[in-house]
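When the sequence shown is numbered by our numbering, its final residue is 144 and no position is left out of the sequence of numbers.
Encoded as structure tokens, the structure appears first; notes follow it.
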Amino acid sequence: MRVKKNIAISETGFIFNPATGDSFTLNPIGLEILSFIEKNKKYEEIANTILEKYDVDSITFEKNYYDFIQMLKNNHLLEIE
């Protein structure tokens, strides 16, 4: 999975999809996860980093991660390879 090529992502978490005209704002954790996806990091590496850095348990992270990924897919921001 990767971020579509035409998606604009700012350092502050603003995302713009020029194909649809939609824009979104991510919180810092969402932006960090998206940057890991851009770097082709696997789920395990993303999870380990977030779990070490933030006060979240693995079950909550896993649910929120997959909800976030689904939201990105639903809004045409990701491509599945």
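Where a beta carbon is used, it is the ideal one built from N, C-alpha and C, also for glycine.
Proximity of residue i and residue j at Cβ, strictly below 8 Å
i       : j       : result
Thr-88  : Phe-77  : yes
Ile-92  : Tyr-117 : yes
Ile-122 : Ile-109 : no
Close beta carbons around residue i, own chain, < 7 Å, minus the five adjacent residues each side
i       : result
Thr-83  : His-139
Gln-133 : none
Phe-124 : Ala-110, Ile-113 and Leu-114
Own chain, CB closer than 8 Å to residue i, minus 5 neighbours either side, in chain order
i       : result
Ile-143 : Met-64 and Lys-136
Residues near residue i by beta carbon distance below 6 Å, same chain, minus five either side
i      : result
Ile-70 : Asn-80 and Leu-140
Alpha carbon of residue i to alpha carbon of residue j, nearest angstrom
i       : j       : result
Ser-73  : Lys-105 : 22 Å
Ser-86  : Lys-67  : 14 Å
Glu-101 : Val-119 : 23 Å
Residues sharing a beta bridge with residue i, DSSP
i      : result
Asn-80 : Asp-85
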